[in-house]
Amino acid sequence: MAEFLSIENWFTLIMLIMLQAVLGFDNLLYISIEANKVVPEKRSMVRKMGLAIAIILRLVLLFILLKAIAVFQDPIFTLSLPGIIEGKLNFHAIIVLFGGGFILYTAIQEIFHMISIKPHEEEDKSRRSVSAAIFWIVSMNLVFSFDSILSTIALTDVFWVMAVGIITTGIGMILLADKVAEFIEKNRMYQILGLFVLMLVGILLVSEGGHLAHLKIFSYEILPMAKSTFYFVLFVMVAVDLVQGRYQKKLMKQRAHIEKLANAAQKENLQV
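The opening position of the sequence shown corresponds to residue 170 in the numbering used here, with each subsequent residue numbered one higher.
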């Protein structure tokens, strides 16, 4: 009881929820994109079911990491082709590398899909089944969760604090998932921005996974992207998108004004 009433534990819980919320933003972007691959009437259900299953698996992953964290950190096998590729891979590095690579692939694929011209029938054929979409949402949620759970373990060793933090953040994501998807759907210009943000997240994860595996490619060591660099690039991308959007609106108003003046002049000439 004393542990439950401890101010330190409650303060840690608040910090943990804030950390999970920040780390969960890119997760919501991925969920929105993945859910859009199923038929429209099933999208909300896919988002909520995928997140609900992911919360349960997050708690299982937390329990496993607490009991066997060394297993995830110990090298499984070594890559040794001097001058070409070298490294020591463990479960943690493999999970992060796979997750980052898949997110990078998904973002690039979606960008090409958006700029390509396809018949409506082909787009319908490319839709995913509900079970496939839920599978990928749960899988990528676990990838996003891995580092956040390790950060959680670093903050506290009290299980109820970690569990409540994960459940609270998960419920918040379930409540926000539809709103994020609706916002992106209504503001299509931000859809491209979201995909490039997701691509940036993929690069961040791949660099982090490479660093965890101590990978060297052609004798060059892979270094992790600094979080400060990630947030700076993210800020620049958002700023450019907002400025470009405002500038486009300004050009459209100017064009409309010029057309209005031209039409007025044409009417005057006809009257004369």
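Here a beta-carbon is modelled for each residue, glycine too, at the ideal position from N, C-alpha and C.
Item: Nearest-angstrom Cα distance between Trp179 and Ile322?; Value: 15 angstroms
Item: Rounded to whole angstroms, what's the CA-CA distance from Lys211 to Lys217? Just pull it up for me.; Value: 10 angstroms
Item: Quick one: what does DSSP say Thr247 is sitting in, helix, strand or coil?; Value: strand
Item: Nearest to Gly270 by CA position, among Glu377, Thr247, Tyr400 and Thr325, is which residue?; Value: Glu377
Item: Quick check: Gly268 and Val312, are their CB atoms within less than 7 angstroms of each other?; Value: yes
Item: Would you call His426 buried or exposed, if buried means 16 or more other Cβ atoms sit within 10 Å of its Cβ?; Value: exposed
Item: Where do the N-terminal and C-terminal ends of the alpha helix (DSSP H) with Ala266 fall, by residue?; Value: Per the sequence presented here, residue 266 reads as Leu, with Ala not at that position. Residues Phe260 to Ile284.
Item: Can you tell me which of the three DSSP states Ile253 falls into?; Value: coil
Item: With 16 as the cutoff for other CB atoms within 10 Å, does Met214 come out buried or exposed?; Value: exposed
Item: Name the DSSP beta bridge partners of Ile224, please?; Value: None; Ile224 has no bridge partner.
Item: Just to confirm the assignment, what range does the alpha helix (DSSP H) spanning Glu351 have?; Value: Phe328 to Lys355
Item: DSSP beta-bridge partners for Tyr389?; Value: Ile386
Item: So for Ser376, helix, strand or coil by DSSP?; Value: helix
Item: Applying the 10 Å Cβ sphere with the 16-neighbour rule, what's the burial state of Glu456?; Value: Residue 456 is absent from the model: the chain starts at 170 and stops at 441.
Item: Check whether the region 297 to 312 and the region 220 to 234 touch, using three or more Cβ-Cβ pairs below 8 angstroms as the test.; Value: yes
Item: Rounded to whole angstroms, what's the CA-CA distance from Tyr400 to Leu362? Just pull it up for me.; Value: 14 angstroms
Item: Whole-angstrom Cβ separation of Leu273 and Met368, contact assumed at under 8 angstroms?; Value: 6 angstroms
Item: Would you tell me roughly how many angstroms separate the C-alpha atoms of Gly252 and Ile264, rounded to the nearest one?; Value: 25 angstroms
Item: When DSSP labels each residue in this structure, what does Ala139 get in the three-state scheme?; Value: This structure leaves residue 139 out entirely; the chain is present only between 170 and 441.
Item: Looking only at C-alpha atoms, which of Asn438, Val366 and Arg297 sits nearest to Pro209?; Value: Arg297
Item: Tell me, please, whether the region 253 to 262 touches the region 381 to 390 by the rule of three or more beta-carbon pairs shorter than 8 angstroms.; Value: yes
Item: Can you tell me which of the three DSSP states Val215 falls into?; Value: helix
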